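Everything in the sequence shown is counted per this note's numbering, starting at 236 for the first residue and increasing by one.
Ideal placement from N, C-alpha and C gives every residue a C-beta, glycine not left out.
Owing to the predicted nature of the structure, the values given are computational and were not obtained by experimental measurement.
One structure is given here, and the rest of the page talks about it.
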Amino acid sequence: MSFKVPRGTQDILPGQTEKWQQVEGVIRDLCQVYRYKEIRTPMFEATELFQRGVGDTTDIVQKEMYTFEDRGGRSLTLRPEGTASAVRAYVEHKMFGQADQPVKLYYTGPMFRYERQQAGRYRQFVQFGVEAIGSANPAIDAEVIALAMDVYGSVGLKDLKLVINSLGDKETRNAHRTALINHFEPSISEFCSDCQNRLAKNPLRILDCKKDHEHPLMATAPALTDYLTDDSAAYFSQVKKYLDALGISYVVDPNLVRGLDYYNHTAFEIMSTASGFGSITTLCGGGRYNGLVEDIGGPDMPGIGFAMSIERLLLALEAEGIELDVQEGLDMYVVTMGEEAKLKAVELVSSFRTKGISADMDYLDRKMKAQMKAADRASAKFVIVLGETELAEGAVNVKVMETGNQEKIAFHDLVNFVLEHK
Ligand code: ATP
Ligand code: MG
236 MSFKVPRGTQ DILPGQTEKW QQVEGVIRDL CQVYRYKEIR TPMFEATELF QRGVGDTTDI
296 VQKEMYTFED RGGRSLTLRP EGTASAVRAY VEHKMFGQAD QPVKLYYTGP MFRYERQQAG
356 RYRQFVQFGV EAIGSANPAI DAEVIALAMD VYGSVGLKDL KLVINSLGDK ETRNAHRTAL
416 INHFEPSISE FCSDCQNRLA KNPLRILDCK KDHEHPLMAT APALTDYLTD DSAAYFSQVK
476 KYLDALGISY VVDPNLVRGL DYYNHTAFEI MSTASGFGSI TTLCGGGRYN GLVEDIGGPD
536 MPGIGFAMSI ERLLLALEAE GIELDVQEGL DMYVVTMGEE AKLKAVELVS SFRTKGISAD
596 MDYLDRKMKA QMKAADRASA KFVIVLGETE LAEGAVNVKV METGNQEKIA FHDLVNFVLE
656 HK
């Protein structure tokens with residue numbers, strides 16, 4: 236009997252986890268300077284939350300959810316995305332009433348979608364996302380976009396394209412909807428069955444179809460931007476003005492519609508333009524969702540957010556040939572000869588670690604030469620060799636591996652020596 240990870244999931248092993256930690260560190264630090272606070276919500280929620288929050292006509296709700304019944308007969312779903320949960324928590328904990336407004340939240344954690352596995356598409360993947368709830372000011376749209384761009388910039392990515400669009404308000408959407416129906420209806424039989432269903436329910440989503448995107452009627456479809464109301468157009472031009480002020484370049488794509496149902500006004504995606512990045516190039520998607528808070532049972536509060544997966548960020552790094560500068564070197568390796576020495580080594584290693592110096596020793600009773608090799612493999616900065624002489628003298632030669640220099644240091648001065656020289 237042999238076991239493998241379930242399809243669409245992966246083990247992240249030492250060697251890789253350091254990269255993850257580094258990216259997560261960048262995210263934490265940036266959220267701190269942008270003043271987004273972390274929220275942690277359960278990995279599963281009532282199924283209905285996603286049906287409402289993500290939308291019945293989306294791919295996620297129609298075919299990607301991991302839904303199960305628990306022993307109490309409740310229908311639960313492993314979260315496929317983070318916004319619905321964040322908004323549920325915002326409403327449940329009445330965060331709309333707190334003094335600090337708008338409420339700026341971020342999360343990182345695994346999401347689950349039953350998808351066809353391919354590069355950059357997993358059944359369990361980790362999303363980092365933010366939600367800014369309580370402001371309908373275009374400046375915060377720009378802030379949210381800037382934060383996403385900053386994450387990619389901070390890890391060194393350069394080949395990026397920011398695509399934005401406005402989905403307008405209700406009035407915009409209704410006028411555009413009618414135009415779309417008129418455009419597609421006569422030839423709808425040439426489209427996939429999903430699109431045929433979308434025509435009546437949510438024709439906008441036809442534009443986001445992955446099967447029919449080459450159909451000639453797609454390119455000539457009425458653009459949302461032509462139906463923007465004056466208010467929506469003004470809002471969109473403000474967002475662009477703020478992005479210009481921030482020095483963030485973008486392209487406007489009138490056909491950009493996000494996969495989730497709840498978006499309005501600003502929608503955006505960040506793509507990798509690195510050659511060799513495979514067919515899926517979207518790294519991050521986000522947008523404004525005025526109306527969602529109310530749909531989930533809260534007050535009428537506007538919101539905007541984005542989500543990106545760490546997996547695709549790491550793939551983009553690979554595509555650009557960027558190696559994260561991962562610090563995994565060891566400060567001190569203690570080589571031992573004999574039982575007595577091992578006893579002392581245990582004590583010394585512990586005293587190093589207490590002071591934040593990474594330290595290691597042999598636990599396999601290896602010969603001195605093999606221990607030196609282990610120190611080398613771990614890229615130890617310093618090595619000491621403890622034997623009878625050193626124990627008798629209460630001092631040891633500290634070898635600085637980079638230079639080969641040695642210096643004799645008393646046991647009780649070792650920690651200070653390393654702290655000064657590391
Ligand atoms: P796609 O069009 O690629 O299916 P989506 O519209 O379903 O994306 P969102 O729900 O907006 O994606 O999720 C935001 C981000 O999460 C994506 O831009 C991508 O970085 C990441 N993402 C989505 N699904 C997956 C997945 N199955 N595996 C890895 N990352 C994913
Ligand atoms: Mg998807």
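Quick check: residue i and residue j, are their CB atoms within less than 8 Å of each other?
i    : j    : result
G526 : N499 : yes
F738 : V635 : Outside the displayed span of the chain (236 to 657) sits residue 738, for which this structure offers no information.
A502 : N409 : no
G317 : Y342 : yes
L311 : F279 : yes
V492 : D560 : no
G403 : S472 : no
A610 : V570 : yes
F331 : M567 : no
N437 : T292 : yes
Q352 : R242 : yes
L340 : Y271 : yes
E637 : K608 : no
E425 : E350 : no
K657 : I592 : yes
A383 : F512 : no
A334 : L481 : no
L654 : K590 : yes
M572 : M596 : no
L439 : L463 : no
E326 : V528 : Note on identity: in this sequence residue 326 is Val, with Glu being the wrong assignment. Contact flag set, yes.
R358 : T508 : no
S389 : L478 : no
Report the residue from the options whose alpha carbon sits nearest the alpha carbon of residue i.
i    : options                : result
C519 : F363, E253, R351       : F363
I247 : S389, Q641, F360       : F360
P337 : I539, S593, A456       : I539
P345 : P315, D385, V289       : P315
G391 : D600, D648, L550       : L550
I531 : V633, A281, M543       : A281
Y387 : P277, R351, E553       : E553
E546 : A354, P249, F419, G290 : A354
R523 : F426, R358, V474, Y271 : V474
E582 : L626, I505, S424, S544 : L626
D648 : N640, A435, V631, G639 : V631
H418 : V326, I441, T407, C266 : I441
D294 : K445, V261, H411       : K445
E449 : A435, V528, C427, A469 : C427
E558 : G250, Q245, K239       : G250
F646 : E283, N640, E628       : E628
G288 : Y598, G533, L478, V268 : G533
P421 : E563, L452, H411       : L452
A698 : S544, A605, E563       : Lying before the first or after the last residue shown, residue 698 is absent from the chain, which here runs from 236 to 657.
A371 : K329, A469, H411, Y598 : A469
F347 : T413, E406, R412, P277 : P277
A435 : R412, Q267, D447       : R412
A367 : Y269, R356, T407, I423 : Y269
D465 : T407, K329, N640       : T407
Quick check: the region 566–582 against the region 616–623, are there 3 or more CB pairs under 8 Å? yes
For this session: Write down every uninterrupted run of the alpha helix (DSSP H) in the region 435–520 whose length is 4 residues or greater and which is fully enclosed by it, in chain order.
Result: Residue ranges of uninterrupted alpha helix (DSSP H) with 4 or more members, entirely inside the region 435–520 and ordered along the chain, are 451–454, 465–480.
Worksheet item: Residue ranges of each alpha helix (DSSP H) run of no fewer than 4 residues wholly in the region 540–586, ordered along the chain?
Response: Counting only runs of 4 or more, we get 545–554.
Which complete beta strand (DSSP E) runs does the region 340–370 hold, if anything under 3 residues is left out?
359–368
- [ ] Would you check if the region 245–258 and the region 320–335 touch, i.e. whether three or more CB-CB distances between them fall below 8 Å?
- [x] Look at the beta carbons and you see the region 320–335 not touching the region 245–258: under three pairs across the two are nearer than 8 Å.
For this session: Count the C-beta pairs between the region 389–398 and the region 458–467 that are closer than 8 Å, then say yes if the count reaches three, no if not.
Result: no
Notebook entry, point to check: Would you call the region 510–518 and the region 427–446 in contact, with 3 or more CB pairs under 8 Å?
Noted result: Short answer: they don't touch.
| query | At a cut of 8 Å, does the region 295–307 reach the region 371–385 through at least three beta carbon pairs? | reply | no
Whole beta strand (DSSP E) runs in the region 249–308 with 3 or more residues, listed along the chain?
279–281, 302–304
Exercise for review: Please go through the region 385–430 and give each complete alpha helix (DSSP H) segment of 4 or more residues, from N-terminal end onward.
Suggested key: 405–419
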